[in-house]
Amino acid sequence: MSGERPSISNFDDVLTSVSSFGYWQKIIYVATCCLVIIPSTLQVIGLVFFAGTPRFHCVTPNVTCADSKCCTNCTDYVFDGPFTSSVSEWNLICDKAYVGANVQAVFSAGMLVGSLVFGVTSDFFGRRFCIYICAALLAISSLGSGVVDCLSFFAFLRFFAAAFAVGFFVAHYIYVLELVGPRHRTLSDKVQSLFWCIGAGLIALLGYLIPHWRTLLIICSFPPLLIFLICTILPESARWLAAKGHLTQAHDVLMKFASKKSSPVDSDALKHKLTEYHQGEVESKTIAYLTKNQSYLELIRSPRLRKRTIILSFNWMVISMVYYGFLLYVTRLAGSPYLNLFLMYLSDVPTHLINWVIVQKFGRRVPHSAIMVTGGLFCLFVLAVPEEQKGAVTALAFIGRFMASGSFSNIYLFSTELYPTILRNQGIGVCSTSARVGSIIAPYIVMLAQLPGLSATLPMVIFGSLTVAAGLLSLLLPETLMSNMAQTVEEIDKDKEFYGMVYMGKPRPCPLPCPCCSSEGPDNEASSAPLKVPMDNENDQENI
1 MSGERPSISN FDDVLTSVSS FGYWQKIIYV ATCCLVIIPS TLQVIGLVFF
51 AGTPRFHCVT PNVTCADSKC CTNCTDYVFD GPFTSSVSEW NLICDKAYVG
101 ANVQAVFSAG MLVGSLVFGV TSDFFGRRFC IYICAALLAI SSLGSGVVDC
151 LSFFAFLRFF AAAFAVGFFV AHYIYVLELV GPRHRTLSDK VQSLFWCIGA
201 GLIALLGYLI PHWRTLLIIC SFPPLLIFLI CTILPESARW LAAKGHLTQA
251 HDVLMKFASK KSSPVDSDAL KHKLTEYHQG EVESKTIAYL TKNQSYLELI
301 RSPRLRKRTI ILSFNWMVIS MVYYGFLLYV TRLAGSPYLN LFLMYLSDVP
351 THLINWVIVQ KFGRRVPHSA IMVTGGLFCL FVLAVPEEQK GAVTALAFIG
401 RFMASGSFSN IYLFSTELYP TILRNQGIGV CSTSARVGSI IAPYIVMLAQ
451 LPGLSATLPM VIFGSLTVAA GLLSLLLPET LMSNMAQTVE EIDKDKEFYG
501 MVYMGKPRPC PLPCPCCSSE GPDNEASSAP LKVPMDNEND QENI
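Under the UniProt record's numbering, the sequence shown has 288 at position 288, and the numbering climbs by one with no breaks.
Structure follows, in structure tokens:
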């Protein structure tokens, strides 16, 4: 790398010179993943047991009504289990179904607020502080929601539990990405996804062992407090400390990381590097200020950015809607809801691993579109299956959910590369907000399955239609695997876009004659722009 200050142009240069992913970093990484991600997952995925709808049937004499279905001439229903929830306790079905959907939507709204508030909080007060304050408040709000007997107060506390759970997770996500060097950052990101799957499997097991929702919720309130067991050995992020000017503390943390190295690190040389790095940060404050204060309106002023923002936001909304919608819909599928939930998230493990290879070899655009359209079509196939064949409906739902999970990781990477550096935070922020809107809408779509006069598979039809539409629209986005990441809006507007295909990491012209799949693209001339495969660490660095 060339430049006037090659040794201090990036904190990664300082971190790598000490320890990219050494003994202490591995200990901290594994410990925090266990003590943060898994407790967060218990709260988020546990929504299906805390606020999901157990199976029920009509008991009004001389009335025939399908299971878990409301009928106009039925006046009395009983729940069949196999678990209880806030829905069964307050009888939030049929004419009160919208109230149950409101409770679920309030939880998703809390996740939206948490992602917005605690991302900023961790920047101001530090990652470690945010992790611990969210852990304490999550335990309090979750425990409170498990003992209150007022539905409104329950929803109020679940809102805050969701906000603190997401804040807990977000602060940790940033912390561990800053903990490791660029060469290990992709691995760090993928392994976190595996811990999420472990947490989902654990809540399925706990739900099976503890069918009473209040007892389950109270038990799930205590795991966040386990992070306090390592409060004496968990350091603040050295990157955050150095950026804020706390150079002595940053030095101490880095020397701790280097303590197990075979070759000792020169303490004075490390202090000098940190000082130079901080001086470079101070000199770039003006650029940082300009970047931070870019208006959100810039996302729609440029025609290309406007198109990207609209399509990406729609994709994020649909993916999140389908992802959380199927989480709530799992109680309507054939078989055990515990086993269904466990298998759903068990399938995520190979999904994350295989998906990463696919997007590296075949690009972002076409694989993302193919996964979305395929998943949507499988959901729509339910139209050809009688509702009585619940096994077939369950299989189609599993495939649709499987595809949605793969799309989640794709769309984040795709979006990060489509926005210029100066507007990347704003762009991802808008997309993330769209995703939360999708998760807020999801409960109301799932609610339609129990209403009289509507098909029990209607939610799958809606999910499938929207997923196919989002997948087809994503073909209007340019491929990013072979392109340089833009720094400014001007670069986005003047650079030629690549709309062809990628095979084994190399560009190939698309065989289809349609404008959205041609190498020329729908709105620009034939692309002859220089192509470059971005390094993993380059992308991951931008994600922080």
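Glycine included, C-beta positions come from ideal geometry on N, C-alpha and C.
- Per DSSP, the continuous beta strand (DSSP E) segment holding residue 77 begins and ends at 77–81.
- Contact check between the stretch 29–47 and the stretch 220–227: three or more CB pairs, one atom from each, fall below 8 angstroms, which counts as touching.
- At a cut-off of 3 residues, not a single continuous stretch assigned as beta strand (DSSP E) sits fully inside the stretch 83–134.
- At least 8 angstroms separates the beta-carbon of residue 146 from that of residue 342.
- Sorting 177, 189, 131 by C-alpha distance to the C-alpha of residue 231 places 131 at the top.
- For the stretch 145–200, there is no continuous beta strand (DSSP E) assignment of 3+ residues that stays within its boundaries.
- Pairing residue 173 with residue 32 gives a Cβ-Cβ distance that is not under 8 angstroms.
- Boundaries of the beta strand (DSSP E) harbouring residue 55: 55–58, taken from the DSSP string.
- Distance from the CA of residue 307 to the CA of residue 85, rounded to the nearest whole angstrom, comes to 42 angstroms.
- The DSSP-derived three-state label of residue 417 is helix.
- Residue 248 has its alpha-carbon roughly 44 angstroms from the corresponding atom of residue 493.
- In the three-state reduction of the DSSP assignment, residue 467 falls in the helix class, which pools H, G and I.
- Shown here, residue 388 sits in coil according to DSSP, grouped into three states, outside any helix or strand.
- Residue environment analysis places residue 452 among the exposed positions, since fewer than 16 neighbouring C-beta atoms fall within 10 angstroms of its C-beta.
- It is roughly 7 angstroms from the alpha-carbon of residue 432 to the alpha-carbon of residue 316.
- In the same chain as residue 109, and ignoring 5 residues on each side of it, the C-beta atoms closer than 7 angstroms to its own belong to 159, 440, in chain order.
- Residue 63 sits exposed, since fewer than 16 C-beta atoms from the chains shown fall within 10 Å of its C-beta.
- In the three-state scheme derived from DSSP, where H, G and I count as helix and E and B as strand, residue 231 is classed as coil.
- When Cβ pairs closer than 8 angstroms are counted between the two stretches, the stretch 458–472 is seen to touch the stretch 370–379, the count reaching three or more.
- Out of 190, 58, 89, the CA that lies nearest to the CA of residue 410 is found in 190.
- Residue 266 and residue 30 have their C-alpha atoms some 28 angstroms from each other.
- The shortest C-alpha to C-alpha distance from residue 443 to any of 187, 495, 52, 21 is the one to 52.
- Residue burial is scored here from C-beta neighbours: residue 487 has fewer than 16 other C-beta atoms within 10 angstroms and is therefore classed as exposed.
- By the Cβ rule, the stretch 152–171 counts as touching the stretch 123–138, because three or more pairs are nearer than 8 angstroms.
- Cβ-Cβ separation between residue 327 and residue 47: approximately 7 angstroms, consistent with a contact (criterion under 8 angstroms).
- For the options 150, 406, 234, 203, the alpha carbon positioned closest to that of residue 219 is the one of 203.
- Here the C-alpha atom of residue 71 lies approximately 6 angstroms from the C-alpha atom of residue 65.
- Separation of the CB atoms of residue 25 and residue 19 is rounded to 6 angstroms, and the pair is thereby assigned contact status at 8 angstroms.
- When C-beta atoms of the stretch 203–213 are compared with those of the stretch 357–366, fewer than three pairs fall below 8 angstroms, so the two segments do not count as touching.
- When secondary structure is reduced to three states using DSSP, residue 480 falls in the coil class, being assigned neither helix nor strand.
- Residue 150 counts as exposed, since fewer than 16 other C-beta atoms from the protein chains shown sit within 10 angstroms of its C-beta.
- Straight-line measurement puts the Cα of residue 429 at about 37 angstroms from the Cα of residue 336.
- Around the beta carbon of residue 331, 16 or more other beta carbons sit within 10 angstroms, so the residue counts as buried.
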